[in-house]
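As structure tokens, the structure follows; a few thoughts come after it.
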Amino acid sequence: MCEALCGNASRHGLERRDLLKGLAAGALAAALPACTTPNPETGRDQFIIIDDSQLSQMALQAWAQQRQRVPQWSNRAAQARLERVGMRIAQGAGRANESWEFVLFDTDEKNAFVLPGNKVGFYRGLYQICDVDDWMATVLGHEVGHVTGRHAAERYSREVATQTALQVAGSQINSQIAMAALGLGAQVGISLPFGREQEAEADILGINYMHAANFDVKQAIPFWNRMQQGNGSRPPELLSTHPDPANRIQHIRDYINSRGWGPV
Ligand SMILES: [Zn+2]
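Using our numbering, the first residue of the sequence shown is number 95, and each one after it goes up by one.
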């Protein structure tokens, strides 16, 4: 049963509804922690009960809503630069054969996000502090790291299992929980940020992709320092799950030096 759940739900003709019924049965829930899939990119075992195509399908809806709700920044030069840096990073991650969409949103937020299905949102406020391409590459490497790390699927799976175990969501996935799990919690008032472990993993994967794409990985340090400074009272999402940004920067610094890409 574990295999049927964790393998590939659609391959077995199971609907998510059925999975949830199964989960609610309780006996299965006890078996779930053992239900893990190794991530080929990181080697880390992950608890995932949704396949990527299902998740991308759900994300499309969230992406459409985001685009409807937030104005886009029509700046052709900026758009071209974002796509150029973004595609270099995708190539560095070995994902250039997939289709990617990069959209600039016209708000002051110093933030960016990624949705399953390779939809990347980048805010004007963040763009405008990216003095060099390497800084944009730091952000985009991090976001692509969330994709290859399968962090949305992991978060979604954890959330659904938890909600089901608590019998809060009943037999249906609450669409708000789904939205929050996809990273658009701000829209529905539920905060479900990526975990600290996922953020740290995305940082490291991002550095690898920057290096593979011939960006200057050392520039990640001044970039994160700059983010920390311009922070104001409310930290942007890129920082929010890191109560101690200094630790995060030190972690990135140590990694760069350990790979011999420093000294930094
Ligand atoms: Zn992140």
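Here a beta-carbon is modelled for each residue, glycine too, at the ideal position from N, C-alpha and C.
Keep in mind the model is a prediction, meaning the values are calculated, not measured.
(message) I want to check one thing, is the minimum distance from the CB of alanine 294 to the heavy atoms of ligand 3 below 7 Å?
(response) Absent from the structure shown: ligand 3. Ligands present: ligand 1.
(request) Compute every distance between the C-beta of histidine 345 and the non-hydrogen atoms of ligand 1, then say whether any falls below 7 Å. (result) no
(message) Let me make sure I understand the geometry here. Which of Ala294, Ile315 and Glu248 has the alpha-carbon closest to that of leucine 209?
(response) Cα-wise, what sits closest to leucine 209 is Glu248.
(request) Give the range of the alpha helix (DSSP H) segment to which valine 214 is assigned. (result) No alpha helix (DSSP H) holds valine 214; the beta strand (DSSP E) holding it covers 213-217.
(request) Indicate whether valine 58 and glutamate 237 have their beta-carbon atoms separated by less than 8 Å. (result) This structure leaves residue 58 out entirely; the chain is present only between 95 and 358.
(message) Tell me the rounded alpha-carbon separation between glutamine 160 and isoleucine 346.
(response) 31 Å
(request) Measure the beta-carbon distance from isoleucine 183 to alanine 296 and round it to whole angstroms, keeping in mind my assumption that it falls under 8 Å. (result) Contact flag wrong, Cβ pair sits at about 12 Å.
(request) Give a yes or no on contact between the stretch 221-229 and the stretch 250-257, applying the rule of three or more CB pairs nearer than 8 Å. (result) no
(request) Give the straight-line distance between the Cα atoms of glutamine 42 and glutamate 135, rounded to the nearest whole angstrom. (result) Residue 42 lies beyond the range of the chain shown here (95 to 358); nothing can be said about it.
(request) Check the C-beta distance from threonine 201 over to glutamine 313 and give it rounded, since I have them as a contact under 8 Å. (result) Wrong, their Cβ atoms sit about 25 Å apart, outside the cutoff.
(request) Under 6 Å Cβ to Cβ from tryptophan 157, same chain only, skipping five residues before and after it: list those, please. (result) Leu209 and Lys213
(message) Does glutamate 291 pass the burial test, meaning 16 or more other C-beta atoms within 10 Å, or should it be called exposed?
(response) exposed
(request) Assign aspartate 338 to one of two classes, buried (16 or more other C-beta atoms within 10 Å of its C-beta) or exposed (fewer than that). (result) exposed
(message) Suppose only complete runs of 4+ residues qualify. What are the alpha helix (DSSP H) ranges in the stretch 151-212, listed by chain order?
(response) 170-186
(request) Give a yes or no on whether the C-beta atoms belonging to valine 358 and isoleucine 315 are separated by under 8 Å. (result) The answer is yes: Cβ separation under 8 Å.
(request) Compute the beta-carbon to beta-carbon distance between methionine 230 and valine 179, rounded to the nearest angstrom, for a pair I have assumed lies under 8 Å. (result) 5 Å
(message) Looking at serine 150: is its Cβ nearer than 8 Å to the Cβ of glycine 211?
(response) Yes, they are a contact pair.
(request) Sort Glu203, Gly289, Leu234 and Gln344 by Cα distance to histidine 245 and report the nearest one. (result) Gly289
(request) Check whether the Cβ of histidine 305 lies closer than 7 Å to any heavy atom of ligand 1, and answer yes or no. (result) no
(message) Check this for me: beta carbons of glycine 137 and tyrosine 303, under 8 Å apart or not?
(response) no
(request) Output yes or no for whether 8 Å exceeds the beta carbon distance between tryptophan 167 and methionine 181. (result) no
(request) Output the distance between the C-alpha atoms of asparagine 169 and aspartate 227, rounded to the nearest integer angstrom. (result) 17 Å
(message) Given the structure, does phenylalanine 216 come close to ligand 1, in the sense that its CB is under 7 Å from one of the ligand's heavy atoms?
(response) no
(request) Would you mind sorting arginine 353 into buried or exposed? The rule is 16 or more other CB atoms within 10 Å of its CB. (result) Result: exposed.
(request) Look up methionine 132 in the DSSP assignment and say whether it is helix, strand or coil. (result) Before going on, a small fix: residue 132 reads as proline here, not methionine. Proline 132: strand per DSSP, three-state reduction.
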